[in-house]
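Protein chains: 2
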Amino acid sequence: MKKTFIFIITFFVLYFTASSQNKDSLTLRKIYDHYLTKSLCYSNLEYLTTKIGGRLSGSPQAEQAVQWAKKAMYAAGADTVILQPCMVPHWVRGQEEQCSFNSPKLKSETTLKCTALGSSVDTGPKGINAEVIEVQSFEDLEKLGEKNIKGKIVFYNVFFDQRKIRSGSAYGETVKFRAKGASYAAKYGALGCLVRSMTSVADDEPHTGNMYYDTTLSKIKIPAVALSYKAAEILHETLLKDPKLLLYLETHCQTLPDEPSFNVVGQINGTQKSNEFIIAGGHLDSWDNGQGAHDDGTGVVQCIEILSAFKQLGIKPKHNIRAVAFMNEENGLAGGTAYAKFAKEKNEKHLAALEADAGGYTPRGFLIDTTNGLYNLAVKWESLFHPYLVDRFEPEGGGADLIALEKLGVPCIGFEPDTQRYFDIHHTAADTFDKVNKRELELSGAAIASLLFLIDSYY
Amino acid sequence: MKKTFIFIITFFVLYFTASSQNKDSLTLRKIYDHYLTKSLCYSNLEYLTTKIGGRLSGSPQAEQAVQWAKKAMYAAGADTVILQPCMVPHWVRGQEEQCSFNSPKLKSETTLKCTALGSSVDTGPKGINAEVIEVQSFEDLEKLGEKNIKGKIVFYNVFFDQRKIRSGSAYGETVKFRAKGASYAAKYGALGCLVRSMTSVADDEPHTGNMYYDTTLSKIKIPAVALSYKAAEILHETLLKDPKLLLYLETHCQTLPDEPSFNVVGQINGTQKSNEFIIAGGHLDSWDNGQGAHDDGTGVVQCIEILSAFKQLGIKPKHNIRAVAFMNEENGLAGGTAYAKFAKEKNEKHLAALEADAGGYTPRGFLIDTTNGLYNLAVKWESLFHPYLVDRFEPEGGGADLIALEKLGVPCIGFEPDTQRYFDIHHTAADTFDKVNKRELELSGAAIASLLFLIDSYY
Numbered sequence: 046m047k048k049t050f051i052f053i054i055t056f057f058v059l060y061f062t063a064s065s066q067n068k069d070s071l072t073l074r075k076i077y078d079h080y081l082t083k084s085l086c087y088s089n090l091e092y093l094t095t096k097i098g099g100r101l102s103g104s105p106q107a108e109q110a111v112q113w114a115k116k117a118m119y120a121a122g123a124d125t126v127i128l129q130p131c132m133v134p135h136w137v138r139g140q141e142e143q144c145s146f147n148s149p150k151l152k153s154e155t156t157l158k159c160t161a162l163g164s165s166v167d168t169g170p171k172g173i174n175a176e177v178i179e180v181q182s183f184e185d186l187e188k189l190g191e192k193n194i195k196g197k198i199v200f201y202n203v204f205f206d207q208r209k210i211r212s213g214s215a216y217g218e219t220v221k222f223r224a225k226g227a228s229y230a231a232k233y234g235a236l237g238c239l240v241r242s243m244t245s246v247a248d249d250e251p252h253t254g255n256m257y258y259d260t261t262l263s264k265i266k267i268p269a270v271a272l273s274y275k276a277a278e279i280l281h282e283t284l285l286k287d288p289k290l291l292l293y294l295e296t297h298c299q300t301l302p303d304e305p306s307f308n309v310v311g312q313i314n315g316t317q318k319s320n321e322f323i324i325a326g327g328h329l330d331s332w333d334n335g336q337g338a339h340d341d342g343t344g345v346v347q348c349i350e351i352l353s354a355f356k357q358l359g360i361k362p363k364h365n366i367r368a369v370a371f372m373n374e375e376n377g378l379a380g381g382t383a384y385a386k387f388a389k390e391k392n393e394k395h396l397a398a399l400e401a402d403a404g405g406y407t408p409r410g411f412l413i414d415t416t417n418g419l420y421n422l423a424v425k426w427e428s429l430f431h432p433y434l435v436d437r438f439e440p441e442g443g444g445a446d447l448i449a450l451e452k453l454g455v456p457c458i459g460f461e462p463d464t465q466r467y468f469d470i471h472h473t474a475a476d477t478f479d480k481v482n483k484r485e486l487e488l489s490g491a492a493i494a495s496l497l498f499l500i501d502s503y504y
Numbered sequence: 046m047k048k049t050f051i052f053i054i055t056f057f058v059l060y061f062t063a064s065s066q067n068k069d070s071l072t073l074r075k076i077y078d079h080y081l082t083k084s085l086c087y088s089n090l091e092y093l094t095t096k097i098g099g100r101l102s103g104s105p106q107a108e109q110a111v112q113w114a115k116k117a118m119y120a121a122g123a124d125t126v127i128l129q130p131c132m133v134p135h136w137v138r139g140q141e142e143q144c145s146f147n148s149p150k151l152k153s154e155t156t157l158k159c160t161a162l163g164s165s166v167d168t169g170p171k172g173i174n175a176e177v178i179e180v181q182s183f184e185d186l187e188k189l190g191e192k193n194i195k196g197k198i199v200f201y202n203v204f205f206d207q208r209k210i211r212s213g214s215a216y217g218e219t220v221k222f223r224a225k226g227a228s229y230a231a232k233y234g235a236l237g238c239l240v241r242s243m244t245s246v247a248d249d250e251p252h253t254g255n256m257y258y259d260t261t262l263s264k265i266k267i268p269a270v271a272l273s274y275k276a277a278e279i280l281h282e283t284l285l286k287d288p289k290l291l292l293y294l295e296t297h298c299q300t301l302p303d304e305p306s307f308n309v310v311g312q313i314n315g316t317q318k319s320n321e322f323i324i325a326g327g328h329l330d331s332w333d334n335g336q337g338a339h340d341d342g343t344g345v346v347q348c349i350e351i352l353s354a355f356k357q358l359g360i361k362p363k364h365n366i367r368a369v370a371f372m373n374e375e376n377g378l379a380g381g382t383a384y385a386k387f388a389k390e391k392n393e394k395h396l397a398a399l400e401a402d403a404g405g406y407t408p409r410g411f412l413i414d415t416t417n418g419l420y421n422l423a424v425k426w427e428s429l430f431h432p433y434l435v436d437r438f439e440p441e442g443g444g445a446d447l448i449a450l451e452k453l454g455v456p457c458i459g460f461e462p463d464t465q466r467y468f469d470i471h472h473t474a475a476d477t478f479d480k481v482n483k484r485e486l487e488l489s490g491a492a493i494a495s496l497l498f499l500i501d502s503y504y
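Here is the structure:
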């Protein structure tokens with residue numbers, strides 16, 4: 046009797062598990078069909094990147110992007126769209142940067158492709174003319190000391206490690222020179238700072254990105270610039286032959302007063318849990334030199350499309366589902382910080398937060414915080430994602446815009462596409478719409494929407 | 046005593062298993078480092094695609110490619126390079142194709158981008174001028190019958206199914222219209238055959254590819270042409286408004302007498318098994334309209350690099366390792382057939398054969414025949430590939446050039462990259478060197494070389 050009872054219970058547990066897996070599998074198939082045949086990801090991205098274009102925080106284009114995102118979210122079926130205010134930095138590049146060197150010894154004058162780093166001060170119209178000292182590390186600076194550095198331009202010529210399989214790891218290793226290189230160099234009396242672009246491709250595109258002045262290292266702010274891969278090669282080669290060459294650097298960037306801006310938050314209201322939220326977002330701002338396509342127009346349009354997919358497929362989520370277009374990821378994180386502040390103030394309970402900010406490429410998987418059991422739950426869904434070639438569920442964190450939410454204990458998720466091509470174009474003039482493949486964009490969008498559907502159903 | 050004995054045995058088994066896994070893991074790391082920092086994959090591909098270019102079987106470029114591959118294999122460190130003769134078809138495109146329609150009803154004349162299909166007969170200089178009948182399937186032809194088809198041009202307007210996650214599945218469904226569409230149409234008296242290009246991208250590039258005349262359907266050979274996606278859309282839209290429009294088609298392709306050609310086979314001699322072989326290859330020939338970069342220059346250079354990696358890393362294989370550049374995959378498989386014939390004649394025992402012919406994209410995994418236990422062995426190596434983001438080991442077959450070997454009972458392997466972008470450029474003028482990403486090319490090459498190393502060690 047007892048055995049029969051256990052058998053019946055086991056049968057029903059297995060039956061309902063299989064049947065709900067089957068129902069989920071059908072819903073995932075519908076979400077994928079939506080993204081692959083009906084979604085507006087690609088046309089939305091085309092508008093954002095080619096009609097609005099590069100949209101650094103505080104720029105008129107960033108403001109246009111806010112208005113566009115609001116409309117796009119309503120068009121996608123949002124029940125409500127909230128504009129969350131935040132004050133953002135307003136850095137402008139100004140006139141094109143000049144970098145050249147004159148080597149009387151080699152009788153050559155060479156122009157180098159370069160780009161000012163975000164938040165950098167300018168050289169002023171008279172520029173800087175100084176010798177260059179090449180280093181590989183912050184330790185090199187210490188060894189060289191003030192006597193060898195003072196009055197010179199420090200050149201961090203550190204390669205992106207091609208051997209790293211995840212290109213983000215190579216980025217992680219070198220980005221410190223971009224971020225803090227100027228303050229380290231200023232500490233020893235340098236006049237300027239050059240960094241080799243953080244890139245895996247040997248071309249002539251300089252890669253910008255944010256830097257900051259670390260006043261614990263030096264109170265003096267010196268101009269910081271990135272050289273293209275090729276420019277770094279040329280400078281390195283020439284320095285070997287003529288270590289005394291004089292490099293001329295001229296930049297016109299400025300930091301203007303902070304501007305008001307917004308996160309744009311599109312919501313589908315939950316049917317059961319009116320104060321519980323699951324969010325997925327990308328960042329709306331981008332660098333000014335390109336169109337902000339892979340970084341991060343793709344993340345924004347993929348997440349907006351979740352609203353459309355849920356509405357059109359009749360998925361009625363239990364919790365409030367939000368697509369978030371964060372402002373100011375690139376140079377300040379004001380949007381991410383504001384989002385968490387509002388969530389805390391309003392006592393909004395966030396079950397999970399996902400960010401898509403690694404390019405609009407083929408989906409590979411999710412990096413999921415182990416907080417609150419979300420990771421352990423999500424790995425059980427691997428078989429549902431297997432037919433969609435999404436194989437990686439790894440216990441790691443979310444994106445930069447989620448740092449403040451993560452500190453509040455919200456389990457965060459980083460969406461992981463295939464990033465092998467990302468650092469070819471990251472933060473360059475080449476980050477344009479034509480670099481995005483429609484199918485790759487849509488497949489990744491579908492993976493994100495599918496994960497949100499499952500979190501809403503089971504978490 | 047017995048327990049102690051079992052414990053000791055277990056300890057040593059585990060110890061040696063772990064230690065050999067560790068040793069293998071170090072070798073894989075070295076193979077990846079080689080491909081990512083020293084390999085000639087990218088520069089070899091540049092030469093093959095931009096200096097030699099499109100290289101259809103029988104063409105002077107195909108002959109140049111044979112000579113180039115021989116040199117490249119010796120340069121990579123081959124102990125010997127064998128040229129295996131085979132007779133190949135020699136089809137030439139001739140003057141550019143013309144396709145246009147005149148709709149007196151709509152008062153419009155429109156030119157459509159098209160490309161003759163490989164092996165097709167020509168229209169002759171006078172072209173064909175006829176009404177068009179649009180169909181979705183072979184069954185449609187049967188329903189329409191001779192009375193509706195005779196004297197017309199049949200237009201197979203069948204879409205690539207975007208919902209398929211593996212783009213190869215969508216290709217597999219539609220390629221039958223390219224392959225046999227002309228003979229099916231000729232059966233009902235059609236004068237010509239148009240197919241919508243097999244592609245996932247809505248552009249104006251027509252996709253060629255091989256067709257053949259199935260004499261069991263019809264003894265009459267009619268010209269066959271592919272329209273670009275956009276051209277197919279225009280024709281479809283116009284036919285809705287003017288079903289009687291006259292389409293003009295002019296092609297100048299010809300099939301010349303067969304030519305002698307070669308597979309190029311570079312070998313590293315095995316240290317223990319002089320008559321046992323493990324091979325990896327791609328195909329050297331390509332369509333004439335592009336540069337044959339992703340199809341299949343990438344497969345060829347990835348496999349040639351195996352010789353270089355093994356030699357430079359001091360890997361001394363037990364079995365003979367061969368990199369094979371097959372001839373004539375695109376329109377005849379003469380090379381694949383010849384390879385198997387020679388293997389049989391010389392009693393060469395082939396342990397395993399891999400083909401890389403799905404584009405030079407990011408690696409995803411391997412499709413492995415279940416014959417002779419190879420698949421069951423290979424799945425045990427998944428953990429070794431995990432750090433390299435190669436996750437898929439699936440029980441399926443190899444590539445087109447391996448069909449004849451597969452019939453001899455050789456377990457075959459298809460290398461699987463991420464193919465989402467493949468059918469954007471497959472068989473078009475846009476299959477060019479600049480579409481190949483260096484890192485993606487190298488990572489896939491390293492995955493293939495690593496698998497060959499493991500097969501050599503354990504199979």
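Protein sequences appear in the order of chains A and B. Heads up: the first sequence runs through residues 46 to 504, numbered per the numbering used here. Heads up: the second sequence runs through residues 46 to 504, numbered per the numbering used here. For every residue, glycine included, the Cβ atom is placed at its ideal position computed from N, Cα and C.
Sequence-distant partners of A:A276 (beyond 5 residues in either direction) whose C-beta falls short of 8 angstroms from its own C-beta, in its chain, are C144, L157, K158, C159, D249 and P251.
Here the alpha carbon of A:D287 sits roughly 25 angstroms from the alpha carbon of A:M243. With distances taken between CA atoms, B:T168 lies nearest to B:C238 out of B:G335, B:K318 and B:C238. Scanning chain B for C-beta atoms nearer than 7 angstroms to the C-beta of A:R484 yields S245 and Q465, reported in chain order.
Taken in chain order, the members of the stretch 407 to 422 of chain A whose beta-carbon sits within less than 8 angstroms of a beta-carbon on chain B are T407 and R409.
In the three-state scheme derived from DSSP, where H, G and I count as helix and E and B as strand, A:Q181 is classed as coil. Between B:D436 and chain A, the shortest Cβ-Cβ separation is below 8 angstroms. B:Y503 sits exposed, since fewer than 16 C-beta atoms from the chains shown fall within 10 Å of its C-beta.
Interface criterion not met: the Cβ of A:Q347 is under 8 angstroms from no Cβ in chain B.
In the DSSP assignment, A:H395 falls within the unbroken beta strand (DSSP E) covering K394 to E400. Judged by beta-carbon spacing, B:A368 lies beyond the 8 angstroms limit of B:G315, meaning their Cβ atoms are not closer than that value. If you keep only unbroken beta strand (DSSP E) runs of at least 3 residues inside the stretch 289 to 372 of chain B, you get 291 to 295, 299 to 313, 318 to 328 and 364 to 371. The alpha helix (DSSP H) runs of length 4 or more contained entirely in the stretch 84 to 143 of chain B are, from start to end of the chain, 86 to 91 and 105 to 121. Closer than 8 angstroms to the CB of B:R208 there is at least one CB belonging to chain A. The Cβ atoms of B:I313 and B:F355 lie closer than 8 angstroms to each other. Taking 8 angstroms as the threshold, the shortest C-beta distance from A:P462 to chain B does not fall below it. In the three-state reduction of the DSSP assignment, B:R208 falls in the coil class, being assigned neither a helical nor a strand state. Along the stretch 469 to 483 of chain A, going in chain order, the ones with a CB nearer than 8 angstroms to a CB of chain B are D469, N482 and K483. By the Cβ criterion, the stretch 482 to 497 of chain A is in contact with the stretch 401 to 410 of chain A, since at least three pairs of Cβ atoms, one from each stretch, lie closer than 8 angstroms. Taking 8 angstroms as the upper bound for CB-CB distance, B:G359 and B:T477 are not in contact here, some 36 angstroms apart. Interface with chain A (8 angstroms Cβ-Cβ cutoff): B:T82 is included. Per DSSP, the unbroken beta strand (DSSP E) holding A:R409 starts and ends at P408 to I413. At a beta-carbon threshold of 8 angstroms, the residues of chain B lying near A:P432 are I210, ordered along the chain.
From the beta-carbon of B:Y77, the residues of chain A found nearer than 9 angstroms are R208 and I210. When rounded, the separation of the alpha-carbon atoms in A:T95 and A:S70 is 36 angstroms. Taken through DSSP and simplified to helix, strand or coil, B:V220 comes out as helix. Non-local beta-carbon contacts of A:P440 in its own chain, meaning distances under 7 angstroms to residues more than five positions away in sequence, involve I413, T415 and Y420 in chain order.
Linking B:S65 to B:L81 through their CA atoms gives a straight-line distance of about 24 angstroms. With a contact defined as Cβ atoms closer than 8 angstroms, A:H472 and A:G254 qualify at about 5 angstroms. A Cβ of chain A is located within less than 8 angstroms of the beta carbon of B:L488. Checking the DSSP bridge columns, you'll see A:T160 partnered with A:A271. In this structure, A:I267 and A:A231 form a Cβ contact; the two beta carbons are roughly 5 angstroms apart against a cut-off of 8 angstroms. Beta bridge pairing from DSSP links B:R241 with B:L272.
Using a 10 angstroms sphere on the CB of B:Q106, the tally of other CB atoms reaches 16 or more, which defines it as buried. Per DSSP, A:R466 lies in no alpha helix (DSSP H) and is assigned neither H nor E.
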